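Residue numbers (the numbering used here), protein chains in the order written: chain B, 18 to 992; chain A, 2 to 482; chain H, 1119 to 1586.
Where is the CB? At the ideal position from N, CA and C, for every residue including glycine.
Note that the structure is a prediction, hence the values are computed from the model and not measured.
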């Protein structure tokens, strides 16, 4: 009522003031909008101040009131009345509470430390007055654009629209030198070469700029720059951190994969598929030149989680690992912070714990494994041929013997479960089939050896038929592959595997824990290096109740690096679990193996013909083929296991699982979400498809926004990794949607998108802004000018290398070992330090050791690789100055630059300075700068003790000068 | 905005203000220059509508600085501050018969093992301390002992991350970063968060001291004994004034650039940055220059010990005092590399613990006494702790394994009630049975003493306003004055 | 036209903003008919005396004015009612009694028009009726805008009870000295009022519990008594307010503001000491468990600087001090106290800085001048910083000559004189510093006898003068 009265009097007052227009909003910095929009004006207020207690999460909800849904907000309150009565502010409890003076009434409560500004209160009131219209969160609405005929100018016109609204004056176009430096750095991370500069400046043709842009888009350096951007998202690292910082096998191959992918402009959809399910694609992507498989490499990003050394609670370790995988996956591809739903429903976004554990299942059914690094089409081909050959041999023999064929595969009959303490058979390979185990890679093929002829290579004489066993040399030696059992719960004390082999491994993987070693886990991995059949026994009593699977591997791990020696092979007859002592005999249920034994017997005492001349040729062919299959280089990626649906961990506690399990599924709030995945495996393929469904409102938006962010230094949505309710609102909503739609319509081509943006006037604007722009738009949201940007760590280092003309621009390959200073100590420190200058390779090729990160990189804000960082900080700390002032690397490069300079014969002083300026600032020095340089030299001359050799003297001077140049702000900023 | 200025180092231009508050460039420039980020800005929507931006303590602080004495590897509580006669009685018996034994990292449970050291009572409070720490024992009346600290992790690395960052996983901001983020640093020429590397970087590496998702300005600077105490701190120019000439030149050129560009916060502050860096070059070496310290002081710390490790750690402790004098906010000392690894005695407990204890005992006592006599202990909080305790039963025959369910630690100085003993463990010192203090509680208490409300100091990351204490933490009031 | 509106209001189910806008002039206009009708009636009344006969001819105009303005008020009122923000019931009566007033006013107008003597009695009756209804209507209108309790909020209790309202609560005079503080009236009751009564009052009475009076408190609620004198454990009330906040039984419920630790402490102590209905805090708290808390809660520890509210410090002085490299920090969020620290300043302190500090003396509670070239004279100025709680003068050249100036620092709790030339002078100084808790005298000219002197007279003073 008081409110009502106040209003009446306000109106009255206005009247008496002869209708001199006066409305509440005039008190505010920014006037109230005519129509209050829920998404842009109201929701931010609610999220910021109310949702902690009145949001989607029921656990912390107060007074049973939720303000995140219309129904909730308008529902009848416990104490009577409604929080919001559309159109009637005065009867809306919300308005009453936010304006209340009494400390036990006012909302938000004082102790919450939140406080509504007068403007916010006014907004809420006006919004309710206007009918309290509710809208879905903007980011969950599929991007639409009204622009039907997008033209070359669309982007600019959309930006200009906002500028006009704000009455901001655009800055003029930047000069050519600035432009080429800007484009070159932002597209390739390198400064432009003097030649390129001259050409561009000289080129007066209309499309000069366009040509220049295309040149950089097509240079291989482009991939290196944009791959590094992507690596921030997937917390790229080459070691596992934690206590001993073990290496991640072949991590660098993923880095190279990215570089190639960006250079080949692989469609973003493809990139997403390959990351999430590169190992499951129907049509895999092969590299154009080398013809080796690319797709699978994408999955390596899953394997870049931290690796814990001997965790005591192995299940918790898995939970944390998976949490990180979910965190990175959801932020990177959807710009959503799903991890917040680990312990309770998301406090702000419509993301339920069920959603979280829907994804948890997906990750839990995914298995880490080494994968062959260069897998070529023809390999797969020859693998098929060999199996063909073997089948042929078997059939031929059985025909000539006219015994009924043993080529076809009788499934081993169902095992009858006798009393519970009887041993359980985990796998039996004495028949033809692999008993439901998963055979990854090629080594184990898709059947056992049963019945394969053993032939004397020279005579072609048939010696005997092989008995049944799963064998890694089914196709030949040195071929990679692994044989994995299904998941089972450890319910018996021992697990025994009957096996034989050379330099090979049997592993028991509990809760997907891979860093098997002492203390605690040493016994879970057994070396098989004996050609006689043996029982390999693991005592698993400490881990009863955990889930596990058995893995059979030719070769093995050395300090967690997989290696496959040429001679290595392993064969397994069966795997069983038992409680007390090893069973006297493990009954072989199948028929066919007995038959083989009989045949061998007959063959032995000559009852069967053993002469098969044609076998010689065939075996030879087989040998040839199998040679081509051997592989020696691997990387750490993932493969599909068997579907597991996870229970919800109550309050995130893995020891408190819920009764029922959540089916694996995609986020229920998004299109295609909430539907259980049907696949037998992890369901990563379905996950990828859901993200890429054309109705998904985020995938495209998030990516174009990232691109925009890398080019303009700020995304249209500033919080590039969070499009949720707590994220910032887009500064240019239509523009964002326009770009998102265009991106989709033009084949998800990243290069095309970049090109579009770089060709806009907005991108070409000068950075020089007047003081009034400073006042009106201090952080340059509306892009009246191009923002001043500091270069990233990599660009600074690479820029120095280019300036000193010592950059080694070779692409790809293993990382350059980290240069270790005395300040980098601790466990897992590599024996030897890498070279000071990193072999002058680009920074992207420097090793990323989690526990020994490159100081220069971290000092200049390269994020610490533990989660997704789509936007880097730009801090400004003395240690940065100290690096460029005193770091031996920088000094060394200055030296080199000076040396290069004075080898230039017959350059005048001015020419020398401009030689330096072109390389450092992509421009000629001004007269003033030339004078400054002269004065500087004179000063040095006074200081320096005269050197005997005039050359050394000059060299020294120029060195000091170059070093100073590196220290100029213009060097590390794009101005 | 008037209130706002009260706690920045210099008045801000409106432009900077806007910058800061929009979380833009300005913020970060500001951040790094003054090691202070306007806390309110983590909720930047407030900024222009709300004049009451506030930095600094939430309420009147007791402590201004923290010296964190980290006992790497985990000191055995039953051999240091938590005497358990029953161990002697049942020495050599099978612990499994006495109580439930949790899984341990080395999973090699031996017999119950009595402490090889005797305990005596000290001070007016009569606090029992073992023979391991004869010197620290003389300070017990200034010490509040907590016998009930627990961790969540039995592995070094996770436990270290947990102790240092409040989270068991890698990559979170360490407490030092949080403190400097919340309070800033008084001294502009020395970083506000310093780790004195005594020789052992704890398992988990430098990530124990990193800024995590906080701006890089808040990461620890590692200080080492030796010619170059801080990375890149010594000019490489072969003549002193040569560098000055260069900086002079650089300054000129940069300013003419500014002239061209008009004011740009970022570049402006990057320039100021050089002046700071230059000052650091001189102020850091001055720190490690002990000549002005009296013989008596050095002796007190143990400079004249015949044990090189004692001498080494003595230097670190003295350095810590000098850092406090210079207004450094948070100082952590890591352990010296004695020839028996860290406190992590999985075997040969007697030898290992004695070596480690001898290295740190006298210097720490010296530090406490020196601080007290100068009146500095009143404003300085000294924290002594490992990442977890050790088992009362042997690992093998003569070692002890990790034990996260009970650990003894102590605090001294600002706002601490000297001579208190808080918390109790069972008769074996294996599990806490009274007044458990979690790592979160420890953090909450430390922050409380610095005047920070641990529930209010947050930073928005990954869609959450994250705290050092996550969603936990209770202040341990009983040990406070 | 108004009639059609009145007869069938649903013509205007969805009122245009303009109507409501016009409607909102109702509160202004209504005062016209009130004025006119009263005036008319009085005038009409006076005409009984001959000397006022002269007015008679004008009566009709007065009534006319009254009628017209009433009509206007009715119409506006109706329009305003369309906004629907009002209690329907009251509105109904207000509306129709308003119409009645209009009718009566018109009637009076016609009566006064034709001055027939015979209608006199009815005439008087009608006038009285008109005025009566008008007053009634006005009252309802008042209730509509100000709420029904408005009128009698401050009426004497006798009147309130007539109106069937509960007696208004006595606003007990603000306590000024702890000695006079009553345990229930000054401690418990206020806490209840601030945190509990909004739900546990006569009207709401949640859980059938009323916490408005001592008696009701003791009576308890639907689950029996909530306070067991002398027994905290079984006192439901105490259990509820000390539960974890997310607990279902936690009070105050529904996210209302919980009790502060201070308030809880007070309640706890009150129940523990038998939940007396009255009695002086000081007497009940013989062993001084709660006294400090209580006096702080009542804002009585006046002598403590920290309980003073100080204005923001003068910015320009702060800035110019900072330019000298002097560190000025704010020390708490709720108040403007600051510390000043010269320790890191790379310049000498001159009187200029001290002068600047003068402008901050109100806010300045910590001052660190250690290792500065401070001389005895300057202490005179420092003596004027009366709010100082902590003062560090260590490592300066000051002596007994200077420290005499410090005796004005009534609030000083910690004084650091380590490494200075002070000596016997302390014996004169210390007695003045009644609140001093810590003093540091290592490496001064002070001799043991002085130390003994100090300690003997000040047991609770911590004197640090050695190191080993």
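Task: Contact list for the stretch 1300 to 1320 of chain H against chain B, Cβ threshold 8 Å - done: So the list reads 1312, 1313, 1316, given in the order they occur along the chain.
Task: Inter-residue spacing [alpha-carbon to alpha-carbon] between residue 60(A) and residue 177(A) - done: Looking up residue 60(A) in the second chain gives position 59. Looking up residue 177(A) in the second chain gives position 176. Straight-line measurement puts the Cα of residue 177(A) at about 19 Å from the Cα of residue 60(A).
- [ ] Could you tell me whether the Cβ of residue 370(A) comes closer than 7 Å to any Cβ of chain H?
- [x] One-based indexing of the second chain puts residue 370(A) at position 369. True, the Cβ-Cβ gap to chain H drops below 7 Å.
Task: Within-7 Å CB hit, residue 43(B) to chain A - done: As a position in the first chain, residue 43(B) is number 26, starting the count at 1. For residue 43(B), the pLDDT reaches just 42, beneath the cut-off of 50, and the residue's location in the model is therefore unreliable, although a value from the coordinates is still provided. With 7 Å as the cut-off, residue 43(B) does not count as an interface residue toward chain A.
- [ ] Within the same chain, show all residues whose beta-carbon is closer than 8 Å to that of residue 1171(H), passing over the 5 residues directly before and after it, in chain order.
- [x] Working through the third chain from its first residue, we reach residue 1171(H) at position 53. Sequence-distant partners of residue 1171(H) (beyond 5 residues in either direction) whose C-beta falls short of 8 Å from its own C-beta, in its chain, are 1165.
Open item on the list: Strictly under 7 Å for the Cβ-Cβ distance: is residue 1374(H) near chain B by that measure?
Closed with: Against the third chain, residue 1374(H) aligns to sequence position 256. Chain B contact via Cβ: present.
- [ ] Assign residue 938(B) to one of three DSSP states: helix, strand, or coil.
- [x] Reading the first chain from its first residue, position 921 is the one you call residue 938(B). Secondary structure at residue 938(B): helix, using DSSP grouped into helix, strand and coil.
TODO: Consult DSSP for residue 403(A) and reduce its assignment to one of helix, strand or coil.
DONE: Position 402 of the second chain, counted from the start, is the residue given in the question as residue 403(A). Reduced to three states, the DSSP call for residue 403(A) is strand.
Open item on the list: For residue 136(A), would you say it is in contact with chain H, using Cβ-to-Cβ distances shorter than 7 Å as the test?
Closed with: For this step, residue 136(A) is matched to residue 135 along the second chain. Cβ-Cβ to chain H under 7 Å: no for residue 136(A).
- [ ] Measure the C-alpha to C-alpha separation of residue 297(A) and residue 324(A) and round it to an integer number of angstroms.
- [x] Your numbering for residue 297(A) matches position 296 in the second chain. Your numbering for residue 324(A) matches position 323 in the second chain. The alpha-carbon atoms of residue 297(A) and residue 324(A) are separated by roughly 20 Å.
Open item on the list: Against chain H, with Cβ distances strictly below 7 Å, would residue 126(B) count as a contact?
Closed with: To locate residue 126(B), count along the first chain from 1; it is residue 109. Residue 126(B) counts as touching chain H.
TODO: State whether the stretch 799 to 814 of chain B contacts the stretch 210 to 226 of chain B, with contact taken as three or more CB pairs (one from each stretch) at a distance under 8 Å.
DONE: Short answer: they don't touch.
Task: Rounded separation between residue 292(A) and residue 342(A) - CA only - done: In the second chain, counting from the first residue as 1, residue 292(A) sits at position 291. In the second chain, counting from the first residue as 1, residue 342(A) sits at position 341. Near 31 Å, if we compare the C-alpha coordinates of residue 342(A) and residue 292(A).
Open item on the list: I believe residue 197(A) touches residue 334(A) by the beta-carbon criterion, under 8 Å. Please report the beta-carbon distance rounded to the nearest angstrom.
Closed with: Against the second chain, residue 197(A) aligns to sequence position 196. Against the second chain, residue 334(A) aligns to sequence position 333. Yes, they are in contact, since the Cβ atoms of residue 197(A) and residue 334(A) sit about 5 Å apart, within 8 Å.
Open item on the list: Which residues does DSSP list as the beta-bridge partners of residue 825(B)?
Closed with: Along the first chain, read from residue 1 onward, the residue named residue 825(B) stands at position 808. Residue 825(B) is bridged to 858(B).
TODO: From the DSSP output, in three-state form, read off residue 691(B) for me.
DONE: Start at 1 with the first residue of the first chain, and residue 691(B) comes out as number 674. In the structure shown, residue 691(B) sits in coil (DSSP, three-state: anything other than H, G, I, E or B).
Open item on the list: Can you list, in chain order, the residues of its chain with a C-beta nearer than 8 Å to that of residue 1138(H)? Leave out the 5 residues immediately preceding and following it.
Closed with: The residue given as residue 1138(H) occupies position 20 in the third chain. Within the same chain, residue 1138(H) has close Cβ partners 1197, 1198, 1200, 1201.
Task: residue 51(A), DSSP secondary structure in three states - done: Position 50 of the second chain, counted from the start, is the residue given in the question as residue 51(A). With a pLDDT of 32 at residue 51(A), under the threshold of 50, the modelled position of this residue cannot be trusted, and the question is left open.
Open item on the list: According to DSSP, is residue 585(B) part of a helix, a strand, or is it coil?
Closed with: Working through the first chain from its first residue, we reach residue 585(B) at position 568. If DSSP states are grouped into helix, strand and coil, residue 585(B) belongs with coil.
TODO: Mind reading off the beta-carbon distance from residue 1046(B) to residue 519(B)? Whole number of angstroms is fine, and I expect it under 8 Å.
DONE: Given a span of 18 to 992 for chain B in the structure shown, any question on residue 1046(B) remains unanswerable.
Task: residue 131(A) - partner residues in DSSP beta bridges - done: For the purposes of this step, residue 131(A) is taken as the residue at position 130 of the second chain. DSSP lists 120(A) as partners of residue 131(A).
Open item on the list: In chain order, what are the residue ranges of uninterrupted alpha helix (DSSP H) at least 4 long that sit wholly in the stretch 107 to 167 of chain B?
Closed with: List check, alpha helix (DSSP H) in window: 110 to 116, 135 to 146.
TODO: Starting from residue 1448(H), follow its DSSP beta bridges and name the residues at the other end.
DONE: The residue given as residue 1448(H) occupies position 330 in the third chain. In the DSSP output, where bridge partners are listed per residue, residue 1448(H) has 1456(H).
Open item on the list: Using only CA atoms, which one of 979(B), 976(B), 971(B), 940(B) lies nearest to residue 193(B)?
Closed with: For the purposes of this step, residue 193(B) is taken as residue 176 along the first chain, with counting starting at 1. Nearest option by C-alpha distance: 940(B).
TODO: Determine, using beta carbons only, whether residue 376(A) comes closer than 7 Å to chain H.
DONE: As a first step, residue 376(A) must be located in the second chain, where it is residue number 375. Yes, because at least one Cβ of chain H sits closer than 7 Å to the Cβ of residue 376(A).
Open item on the list: Residues of chain A with CB closer than 9 Å to the CB of residue 1462(H), please, in chain order.
Closed with: As a working note, residue 1462(H) is residue 344 in the third chain. Correct list: 187, 188, 189, 190, 327, 328.
- [ ] Give a yes or no on whether the minimum CB-CB distance between residue 59(A) and chain H is below 7 Å.
- [x] Translated into the one-based positions of the second chain, residue 59(A) becomes position 58. Residue contact check for residue 59(A) against chain H: a CB pair falls below 7 Å.
Open item on the list: Please tell me whether residue 275(A) has its Cβ less than 7 Å away from any Cβ of chain B.
Closed with: Position 274 of the second chain, counted from the start, is the residue given in the question as residue 275(A). At a cut-off of 7 Å between C-beta atoms, residue 275(A) counts as an interface residue with respect to chain B.
Open item on the list: Going by DSSP, what residue range makes up the beta strand (DSSP E) through residue 395(A)?
Closed with: Position 394 of the second chain, counting from 1, holds the residue named residue 395(A). Its beta strand (DSSP E) spans residues 390 to 396.
- [ ] Just the chain H side, please: which residues come within less than 7 Å of residue 293(A) by C-beta, in chain order?
- [x] The residue labelled residue 293(A) in the question sits at position 292 within the second chain. Result: empty, since nearest Cβ-Cβ is about 11 Å, beyond 7 Å.
- [ ] Note down the Cα distance separating residue 538(B) from residue 590(B), rounded to an integer number of angstroms.
- [x] For the purposes of this step, residue 538(B) is identified with residue 521 of the first chain, where counting begins at 1. For the purposes of this step, residue 590(B) is identified with residue 573 of the first chain, where counting begins at 1. Using only the alpha carbons, I get a separation of about 25 Å.
Open item on the list: I need the DSSP call for residue 165(A), collapsed to helix, strand or coil.
Closed with: Taking the first residue of the second chain as 1, we reach residue 165(A) at position 164. Looking at residue 165(A) - three-state DSSP - the assignment turns out to be helix.
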